[in-house]
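Numbers 30 to 548, taken from my numbering, label the letters of the sequence shown in order.
Glycine included, C-beta positions come from ideal geometry on N, C-alpha and C.
Note that the structure is predicted; figures quoted are calculated from it, not measured.
What follows is one structure encoded as structure tokens, with my remarks underneath.
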Amino acid sequence: MKPFLAIALVALAGSAADFDILIRNARVVDGSGNPWFRADIGINGNRISRIGALNGKTAQRTIDAAGRIVTPGFIDVHTHSESGIVRFPQAENFLRDGVTTIVTGNCGASELDLKEFFAKLEELRIGINVATLIGHNAIRIEVMGSEDRKATPQEIERMKAMVDRGMKAGAVGFSTGLEYVPGTYSPLEELVELAKVAARYNGIYTTHMRDEGEGVLDAMREAAEVGRLAGTRVQISHLKQDTKAYWGNTRKMIDLIEDYRAQGVDVTVDQYPYIAYSTGLGTTLPTWALAGGHQKLVERLRDPATRRKIFDEVLAFNKKRGYDDFEYTAVASCRFEPRYEGRNVREIAGMQGRAPSHESDVETVLDLMEKGGVSVVTKAMSEQDVESIMRYRNTAIASDGGVREFGEGRPHPRNYGTNARVFNEYVRLRKVLTLEDAVRKMTSLPAQIFAFRNRGLLREGFAADLVIFDPEAVRDNATFADPHQYSSGFEYVVVNGKIAVENGKLTADRGGEVLRRPE
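In structure tokens, the structure reads:
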């Protein structure tokens, strides 16, 4: 590994420096997907002023980037950071992974009062740029709770008004989480009506689809139809095939997207580079059992006949997915019993005195749900499918993570190492992507999809969000067994002209901005 870069501080007598920051001798990967080129980069304030041969120019701070790559800051368009960014406004886990901009409010879960949310972030002086979507589930719960029914015309109008308010406050689009309660109870017509409101503001429609397993193709058709009927762009969140019995069908999934694009529907996707997802354990239960909230679920589980029906459906569903146990599902966070964290369901069943069996696993799942539910990490995808989706040109890289408290729980390693893993595992080792295309999937592609102006490319006049690194030295240190480990190798991270990471360490500078929907 090469030694860290040196910053030269220049004291200029009698004349002002040409630049605030001057990066010399860089191999520039500009985010477009084009081959790298050599250049110097001059920054003034929060903007890139010059790119080219800047011999003889002066700066308040000079960074010699010889032997390093300079790229735009990475844009993570799928995060869940509403509470985390308020608790930890510097967002160190993202910055240390090269991320300078995040989009939160995904999967239908967002803050409702975005004006207040944005004001809070500006008061806190955040370390990264933050944009948000307005979430369908949050809105539906506010209007009609978690009931399993269609919305009335009056309720639809109330929800449309809330989407409109969110878009006017600066949301970049409208998100759904159709695998979750209560979004799962919503028909296509409801989604289209709400997405039309976002479309009036050029907002994107993003979706955690209804099904990512057996019914994934139908779920993708529904997502594309929302875009077609509402007249808006569509982003399919964390595209995957999460059912073992259907591994290998990702070619059909990509072909379906291309069919819709050929018809004029702007459908793109994002992906995290792991074979495991993370969600609530409730996704293993039938959706009817979750209607009405946790207390209703408890009542159902305590009724012997209803519990048996839920048990039978969970067991049958898991078998249909191609599994005969729940060893592939581990607890990430458990408030009522922290010692379960990091243990899989089979291990927890043993801790509860149950003999090892598929049936015991299901009983343990129901017990955990009755006590309040847990978040889990589930290893359910194949490496071949992950690579297939990653190679697709219209796949952006995104973590599905959040701003984390270091050491809290046993979360998915994607919260710390998503971008580093792409460079280390899929560029350097497996050669699934070229360096230039990996950078494009982290920068200009997400910027284009979400209509971020003046970000995602290294261009004169664009925001000074940059990352400096040696691609041979980048490592994703976070693992499933030990997830609380920062990425290494991203030596400098600049956010709006402020150096947020220097020689691999967090600085006190906070250059983040709230990114409201452009007018």
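Whole-number beta carbon distance between residue j and residue i, since they are thought to touch under 8 Å
| i | j | result |
| --- | --- | --- |
| E434 | F117 | 7 Å |
| R546 | Y230 | 6 Å |
| V496 | F481 | The Cβ separation is near 16 Å, so there is no contact. |
| G164 | S139 | 3 Å |
| T235 | L162 | 6 Å |
| L150 | V543 | 5 Å |
| E489 | I80 | 6 Å |
| A320 | S215 | The Cβ separation is near 13 Å, so there is no contact. |
| R239 | E287 | In fact, because the Cβ distance is near 21 Å, the residues do not count as touching under 8 Å. |
| D295 | G256 | 7 Å |
| N75 | A493 | 6 Å |
Neighbourhood of residue i by C-beta, 7 Å cutoff - its chain only, sequence neighbours within 5 removed
| i | result |
| --- | --- |
| V343 | T313, L314, V391, V394 |
| I304 | K408, M410, S411, E412, V415 |
| I23 | This structure leaves residue 23 out entirely; the chain is present only between 30 and 548. |
| N73 | F48, D49 |
| G195 | L143, I163 |
| S11 | The requested residue 11 is not part of the displayed model; the chain covers only 30 to 548. |
| K470 | T424, A425, I426 |
Host alpha helix (DSSP H) of residue i (start-end)
| i | result |
| --- | --- |
| D414 | 412–420 |
| Y445 | 443–450 |
| S516 | Run containing S516: none; DSSP gives neither H nor E here. |
| F48 | Where F48 is concerned, there is no enclosing alpha helix (DSSP H), although the beta strand (DSSP E) it sits in stretches over 48–57. |
| F346 | 333–349 |
| D570 | Lying outside 30 to 548, the shown extent of the chain, residue 570 is not represented and no answer is given. |
| Q183 | 182–198 |
| I155 | Neither: I155 is in no alpha helix (DSSP H) and is coded neither H nor E. |
| A167 | 165–173 |
| L124 | 121–124 |
| N316 | Reading off the sequence, residue 316 comes out as Thr, not Asn. Taken as a continuous stretch (DSSP letters only), the alpha helix (DSSP H) holding T316 covers 316–319. |
Cβ-based burial, residue i [other Cβ within 10 Å; buried from 16]
| i | result |
| --- | --- |
| R56 | buried |
| A160 | buried |
| A25 | Shown here, the chain extends from 30 to 548; a query on residue 25 therefore has no answer. |
| D247 | exposed |
| F66 | exposed |
| A227 | buried |
| T181 | exposed |
| F355 | buried |
| K527 | buried |
| E251 | buried |
| F365 | exposed |
| L217 | exposed |
| D511 | exposed |
| L51 | buried |
| R368 | exposed |
| A88 | buried |
| D271 | buried |
| K179 | exposed |
| E487 | As written in the sequence, residue 487 is Leu, which differs from the Glu given in the question. Counting Cβ neighbours within 10 Å, L487 comes out buried, since at least 16 surround it. |
| T279 | buried |
Residues near residue i by beta carbon distance below 6 Å, same chain, minus five either side
| i | result |
| --- | --- |
| A359 | N373, V406 |
| T424 | V298, Q300, I418 |
| S389 | A378, R383 |
| R169 | P211 |
Min CB distance residue i to chain D below 8 Å
| i | result |
| --- | --- |
| G199 | The question asks about chain D, but that chain is absent: this structure has only one protein chain. |
Beta-carbon proximity list for residue i, same chain, < 8 Å, skipping 5 on both sides
| i | result |
| --- | --- |
| M398 | L310, G311, L314, L326, L330 |
| P370 | First, the amino acid is wrong: residue 370 is Glu here, not Pro. Hits under 8 Å: V360, A361, S362, C363, G438, R439. |
| A467 | I426, V451, F452, Y455, V456 |
Endpoints, beta strand (DSSP E) assigned at residue i
| i | result |
| --- | --- |
| K527 | 527–531 |
| N158 | 158–161 |
| G134 | Premise fails: G134 is in no beta strand (DSSP E) and is neither H nor E. |
| D299 | 296–300 |
| A359 | 358–362 |
| S307 | 305–309 |
| T424 | 424–426 |
| V201 | Segment: none, V201 is in no beta strand (DSSP E) and carries neither H nor E. |
| V406 | 404–408 |
> Taking the runs of the beta strand (DSSP E) that are 3 residues or longer, which of them lie wholly in the segment 205–278?
Replying inline: 233–237, 263–265
>> Report the start-end ranges of each beta strand (DSSP E) in the segment 442–506 that is 3 residues or longer and not cut off at the edges.
In response: 495–498
> Hey, which unbroken runs of the beta strand (DSSP E) at 3 residues or more fall wholly within the segment 55–114?
Replying inline: Segments of the beta strand (DSSP E) lying fully in the segment 55–114: 66–73, 76–81, 88–93, 98–101, 103–105.
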